[in-house]
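Student:
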Amino acid sequence: MTVAVAGEVGGEDNNARSEAVPKRESWSRKAEFILSCMGYAIGIGNVWRFPYLCYRNGGGAFLIPYLTMLFVCGLPLFFMEMSLGQFTSCSSLTVFKISPIFKGAGYAVVLINFYLCAYYNVIIAYTLYYMFMSFASEVPWKHCGNWWNTELCKEIGLDSGSHNSLISPSNMTKTPTHEFFHNYILEISEGIEDPGPLVWKLVLCVLLSWFIVFLCISRGVQSVGKVVYFTATFPFLMLFALLIRGVTLPGAVDGILFYITPKWEKLLDFSVWSDAAVQIFYSLGPGWGGLITMASYNKFNNNIQRDSVFVPIMNCGTSIFAGFVVFSVLGFMSHQTGIPVKDVATAGPSLAFVTYPEAIAMMPLAPLWAVLFFFMLYTLGLDSEAGEQFVQVETIIAAVLDEYPRYRKYKLLITAGSCCLLFLLSLSCVTKGGMYVLQLFDWYCANVTVPIVCFCEICIVAWIYGVGKFVRDVEFMIGKVINFYWRIAWLAFTPIALVIILGAILWSSRQVVYENYVYPDWAVAVGWMIAFSSVLFIPIYAAHILWNGKGSFSQRLKRSAIATEDYGPGDSSDFAAWKEHCASTKYYWLRSPIAFRRWLKESKPKDPEEN
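Residue numbers (my numbering): 1255 to 1865.
1. Can you tell me whether DSSP reads residue 1384 as helix, strand or coil?
2. On the three-state DSSP scale, how would you describe residue 1551?
3. Going by C-alpha distance, which of 1471, 1759, 1682 is nearest residue 1697?
4. How big is the Cα-Cα spacing for residue 1446 and residue 1677?
5. Judging by CA-CA distance, which residue of 1669, 1777, 1662 is the nearest neighbour of residue 1694?
6. Straight-line CA distance for residue 1316 to residue 1373?
7. Per DSSP, what are the beta-bridge partners of residue 1685 in this structure?
8. Quick check: what's the CA-CA separation for residue 1414 versus residue 1594?
9. For the candidate residues 1779, 1497, 1715, 1368, whose alpha-carbon lies nearest to that of residue 1353?
10. Should residue 1721 and residue 1736 be called a contact, given that it needs their Cβ atoms to be closer than 8 Å?
11. Along the alpha helix (DSSP H) that carries residue 1398, what are the first and last residues, could you check?
12. Sort out for me which residues DSSP pairs residue 1768 with in a bridge.
13. Near residue 1699, which residues of its chain fall below 8 Å by C-beta distance, leaving aside the five closest residues on each side in sequence?
14. Given a threshold of 16 other Cβ atoms within 10 Å of its Cβ, counted over all protein chains shown, does residue 1671 qualify as buried or as exposed?
15. DSSP beta-bridge partners for residue 1428?
16. Whole angstroms is fine: what's the gap from residue 1718's alpha carbon to residue 1355's?
17. Just the C-alpha distance for residue 1325 and residue 1333, rounded to the nearest angstrom, thanks.
18. Could you tell me the alpha carbon to alpha carbon distance between residue 1558 and residue 1552, rounded to whole angstroms?
19. If you check the beta carbons only, do residue 1509 and residue 1585 fall under 8 Å apart?
20. Measuring straight from C-alpha to C-alpha, what distance separates residue 1612 and residue 1467?
21. Consult DSSP for residue 1727 and reduce its assignment to one of helix, strand or coil.
22. What number of angstroms, rounded off, separates the C-alpha of residue 1657 from the C-alpha of residue 1616?
23. Would residue 1767 count as contacting chain B if we go by Cβ distances under 8 Å?
24. For the alpha helix (DSSP H) containing residue 1527, list its first residue and its last residue.
25. On the three-state DSSP scale, how would you describe residue 1281?
26. Which class does residue 1804 belong to by DSSP, given the choice of helix, strand or coil?
27. Short of 6 Å in beta carbon distance, which residues of its chain neighbour residue 1653, apart from the five on each side in sequence? Order them along the chain.
28. Where do the ends of the alpha helix (DSSP H) carrying residue 1621 lie?
29. For the region 1447 to 1465 against the region 1699 to 1709, are there 3 or more C-beta pairs whose distance is under 8 Å?
30. What is the DSSP secondary structure of residue 1794, reduced to helix, strand or coil?
31. How many Å lie between residue 1893 and residue 1680 at the Cα?
32. By Cβ distance below 7 Å, which residues in the same chain neighbour residue 1710 in space, the five residues on each side in sequence not counted?
33. Spatial neighbours of residue 1564 within its chain, please: C-beta separation below 8 Å, excluding the five flanking residues on both sides.
34. Helix, strand or coil for residue 1492 per DSSP?
35. Can you tell which of 1491, 1284, 1312, 1821 has the C-alpha that lies nearest to the C-alpha of residue 1723?
36. In three-state DSSP terms, what is residue 1658?
In structure tokens:
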């Protein structure tokens, strides 16, 4: 690990303005950036997590804490990371030239992405296999009687008099869909202590998925920008088609009413507000490095403020819309089985791979709707959420190449090597005990670590670098006065919200389980090791940089905390103009925008006809 002190970049000369290294990539069109951001923010979580949270936390009343947390925490973090990336043209590692002592947070982001990409592509592989198996005259999970079914298998239909949950501890019967997923696809073992051999059909699906990811990102943002025209728009078309199909089914209205009917008393429950905060936090994806990386490929003067409002609003709208899609179908399933909607509704993988397929099996033309549904999930998985494969893998690669820019000419080889390494890591999740490993990663990988990274970022920007200077930089970059709200949010609202979110996560931390299986203590200990293995980079790197610095401790601390001499815009002409602007402009964290407007008017070239 190489130390970066004031005036240095770290690793080697990383100056983006140097002509000795290959030029950094950029988006071909503004639309490619917007679609990539939408694909990054809008993903599987919008389909399988938000609708369940909404119904569980008060229906329509949940929108009040949800939108509150959007404006208090989500939007400020989104805008801050986007602005940092676009202003510096740096990825999630070299952007910490703004305060080198915190560069360990950049290494933490890279490691989090390694963990995330390794297990998240396995979930995507599940959707691939379901899609392949749906190309049949009848979906294979519709009936019992297959070789993978057990004596506990029971078909749920109109003759079902049970009002229990489809799968519950008190009801030992299993649906055909449940046994298809666990017994046939996963070939699941008894627990994490029994990993078993590789499940080869899943290995092949994971290999295919990683090969597709490699093809899509092989040329960096140039290829990603073309792929997202399809992967970011197709899910919207499919959600719309599924909604039309869903609302025409019997019982759909009951499901939708169950989803949106407000329960105002829930607003007095603190857990509802913490759920809203966590959902906003993870659906938008700050702290993962993807936002910084994507914005770093923008033109310097792009209006990032407008983009940073548009994408989160679209994300929230899609979440609400997806709820109508999901609950219209769950209402139909409730109507067909006689089981109440509240017992049918589930969250997470159970919704995507058990409950929703069970409902699809009851529809006319079930194979067609199954193919379309799982292909939609696959595109969402490739181009989605905090686990988004294109952007997350690109975040890892961009961090390496920005740190060592002379290796940019080998990007294709580095991309291939990264995908191969991540594929090998994915194999731990496709054994017979792989679902338990996947659940352990998902439980501990980022729940605690990402809020810590975001808290470091917000403290650097608002309190170490200074919110006044940061606002000055953003306004210089986009040529517009930004809203006063951003200053207050970065200084107070968002840091406080992050502390509350982190506290809520730790306070509500419970024993990791998968269905009825409770993880042993040693597995929980491994989970916490995974959680803290990334954030430990923050204090370790800080101690390393202070230990190897020159001068007294206070001098070393000051030099490593302030921005490096080459911090600023990546383009040499923009850098020179920014330096001149900094020298001639005063900044105040509460200053009036009048001074900036006056500077903007005076610096604007005059029309020759006015002379």
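Ideal Cβ positions, reconstructed from N, Cα and C, are used throughout, including at glycine. Keep in mind that this is a model prediction, so the values were computed, not measured.
Tutor: Reading from the atomic positions:
1. By 1-based counting over the sequence shown, the position of residue 1384 is 130. Of the three classes helix, strand and coil, the one that applies to residue 1384 here is helix, per DSSP.
2. Indexing the sequence shown from 1 puts residue 1551 at position 297. In this structure, residue 1551 counts as coil in the three-state DSSP scheme.
3. One-based indexing of the sequence shown puts residue 1697 at position 443. The residue with the shortest Cα to Cα distance from residue 1697 is 1759.
4. As a working mapping, residue 1446 is identified with position 192 in the sequence shown. As a working mapping, residue 1677 is identified with position 423 in the sequence shown. Near 20 Å, if we compare the C-alpha coordinates of residue 1677 and residue 1446.
5. As a working note, residue 1694 is residue 440 in the sequence shown. With distances taken between Cα atoms, residue 1694 lies closest to 1777.
6. The count along the sequence shown starts at 1 and reaches residue 1316 at position 62. The count along the sequence shown starts at 1 and reaches residue 1373 at position 119. When the Cα atoms are used, residue 1316 and residue 1373 turn out to be separated by approximately 30 Å.
7. Counting from one through the sequence shown, the residue named residue 1685 turns up at place 431. DSSP lists 1452 as the bridge partner or partners of residue 1685.
8. Locating residue 1414 in the sequence shown gives position 160, where the first residue counts as 1. Locating residue 1594 in the sequence shown gives position 340, where the first residue counts as 1. Confidence at residue 1414 is low in this model, with a pLDDT of 44, below 50, so the placement of that residue should be treated as unreliable; the coordinate-derived value is given next. Spanning the alpha carbons of residue 1414 and residue 1594 requires a straight line of approximately 12 Å.
9. Within the sequence shown, numbered from 1, the residue matching residue 1353 stands at position 99. The shortest Cα separation from residue 1353 among 1779, 1497, 1715, 1368 belongs to 1715.
10. Against the sequence shown, residue 1721 aligns to sequence position 467. Against the sequence shown, residue 1736 aligns to sequence position 482. Between residue 1721 and residue 1736, the CB-CB gap reaches or exceeds 8 Å.
11. As a first step, residue 1398 is located in the sequence shown; it is residue number 144 there, counting from the start. Segment: none, residue 1398 is in no alpha helix (DSSP H) and carries neither H nor E.
12. Locating residue 1768 in the sequence shown gives position 514, counting from the first residue. Residue 1768 has 1771 as its beta-bridge partners, per DSSP.
13. In the sequence shown, the residue the question calls residue 1699 occupies position 445. Closer than 8 Å at Cβ, skipping near neighbours: 1366, 1369, 1370, 1373, 1784, 1785.
14. Counting from 1 along the sequence shown, the entry for residue 1671 is found at position 417. Exposed.
15. As a first step, residue 1428 must be located in the sequence shown, where it is residue number 174. Its beta-bridge partners are 1407.
16. To locate residue 1718, count along the sequence shown from 1; it is residue 464. To locate residue 1355, count along the sequence shown from 1; it is residue 101. CA-to-CA, the gap between residue 1718 and residue 1355 works out to about 11 Å.
17. If you number the sequence shown from 1, residue 1325 lands on position 71. If you number the sequence shown from 1, residue 1333 lands on position 79. Spanning the alpha carbons of residue 1325 and residue 1333 requires a straight line of approximately 11 Å.
18. For the purposes of this step, residue 1558 is identified with residue 304 of the sequence shown, where counting begins at 1. For the purposes of this step, residue 1552 is identified with residue 298 of the sequence shown, where counting begins at 1. Approximately 9 Å, taken between the alpha carbons.
19. Position 255 of the sequence shown, counting from 1, holds the residue named residue 1509. Position 331 of the sequence shown, counting from 1, holds the residue named residue 1585. Yes. Within cutoff.
20. What you label residue 1612 is simply residue 358 of the sequence shown in a count that begins at 1. What you label residue 1467 is simply residue 213 of the sequence shown in a count that begins at 1. If you draw a straight line from the Cα of residue 1612 to the Cα of residue 1467, it comes to about 29 Å.
21. By 1-based counting over the sequence shown, the position of residue 1727 is 473. The answer is helix: DSSP assigns residue 1727 an H, G or I state.
22. One-based indexing of the sequence shown puts residue 1657 at position 403. One-based indexing of the sequence shown puts residue 1616 at position 362. A straight line joining the alpha-carbon of residue 1657 with that of residue 1616 spans about 53 Å.
23. Absent here is chain B; the protein component of the structure consists of one chain.
24. Translated into the one-based positions of the sequence shown, residue 1527 becomes position 273. Residue 1527 -> alpha helix (DSSP H) spans 1524 to 1538.
25. If you number the sequence shown from 1, residue 1281 lands on position 27. Here residue 1281 carries a coil assignment [DSSP, helix/strand/coil].
26. As a working mapping, residue 1804 is identified with position 550 in the sequence shown. It is coil, neither helix nor strand.
27. The sequence position of residue 1653 within the sequence shown is 399, counting from 1. For residue 1653, where only same-chain residues beyond five positions count, the Cβ hits under 6 Å are 1345, 1346, 1347, 1364.
28. One-based indexing of the sequence shown puts residue 1621 at position 367. Start and end: 1620 to 1636.
29. Segments in contact, no.
30. As a first step, residue 1794 is located in the sequence shown; it is residue number 540 there, counting from the start. Three-state result, residue 1794: helix.
31. Here the chain covers residues 1255 to 1865 and nothing more, so residue 1893 does not appear.
32. Counting from 1 along the sequence shown, the entry for residue 1710 is found at position 456. Non-local beta-carbon contacts of residue 1710 in its own chain, meaning distances under 7 Å to residues more than five positions away in sequence, involve 1356, 1359, 1792 in chain order.
33. Translated into the one-based positions of the sequence shown, residue 1564 becomes position 310. Closer than 8 Å at Cβ, skipping near neighbours: 1288.
34. Within the sequence shown, residue 1492 is the residue found at index 238, counting from 1. Residue state, collapsed to three classes: helix.
35. Here the question's residue 1723 lines up with position 469 in the sequence shown. With respect to the C-alpha of residue 1723, the residue from 1491, 1284, 1312, 1821 having the closest C-alpha is 1821.
36. Position 404 of the sequence shown, counting from 1, holds the residue named residue 1658. Coil at residue 1658, not helix or strand.
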